[in-house]
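In the numbering used here, the protein residues as written are 388 to 469.
Beta carbons are placed, not taken as given, at the ideal position from N, Cα and C, and that holds for glycine.
Structure first, then comments.
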Amino acid sequence: QYALGAGFGPSPSLDPARGCGGNQLLERFIADNRLDESSSRLLRAETPEVQNAVMERGSLVDCRNPSSAVMGRIRDAKMVVR
388 QYALGAGFGP SPSLDPARGC GGNQLLERFI ADNRLDESSS RLLRAETPEV
438 QNAVMERGSL VDCRNPSSAV MGRIRDAKMV VR
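Have a look at this one:
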C-alpha cells in the first residue's frame, strides 16, 4: 500500500533517492496512521531504506498506539538495514 515499488522493484516515479514521490507516500503514511509529532519527526529523519521498511509492514490504523508501533518498526528496520 505505501511501499515504494510495491514488490516490483523501485518505481522511478516513487524513488526516494530521486526525491520524487517518496515524501508524498511518507506524509500520507504519517497522516493515515495518525502518528504524533515525535514519531513523525523520527520517521522523516530516517534513511529512505528505513522509511520504506516501516511502510512496507502496512497500516497502523488498528494499533492502540500507532506512534509507539512505528518507533518499534524503525528500531527493527535499522537492525535489518545495517
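message: Within the continuous alpha helix (DSSP H) that includes V448, where are the two ends?
response: For the purposes of this step, residue 448 is taken as residue 61 along the sequence shown, with counting starting at 1. For V448, no alpha helix (DSSP H) encloses it, and the DSSP letter there is neither H nor E.
task: Can you tell me which of the three DSSP states D419 falls into?
output: As a first step, residue 419 must be located in the sequence shown, where it is residue number 32. Three-state result, D419: helix.
- request: Below 6 Å CB to CB, which residues in the same chain sit around S426 once its five sequence neighbours on both sides are set aside?
  value: Mapped onto the sequence shown, residue 426 falls at position 39. S454, V457 and M458, listed in sequence order.
message: Could you compute how far the alpha carbon of P435 sits from the alpha carbon of L413?
response: Residue mapping note: residue 435 aligns to position 48 of the sequence shown, counting from 1. Residue mapping note: residue 413 aligns to position 26 of the sequence shown, counting from 1. Going from the Cα of P435 to the Cα of L413 covers about 10 Å.
field: Whole-angstrom distance between N452 and L401, CA atom to CA atom
entry: In the sequence shown, residue 401 corresponds to position 14, counting from 1. In the sequence shown, residue 452 corresponds to position 65, counting from 1. Note that L401 has pLDDT 44, beneath the 50 cutoff, so the model's placement of it is unreliable and the number below is only indicative. As the crow flies, the alpha-carbon of L401 is around 28 Å from that of N452.
query: Looking at V448 and D423, is the spacing between their C-beta atoms short of 8 Å?
result: What you label residue 423 is simply residue 36 of the sequence shown in a count that begins at 1. What you label residue 448 is simply residue 61 of the sequence shown in a count that begins at 1. Result no, Cβ atoms of D423 and V448 do not sit closer than 8 Å.
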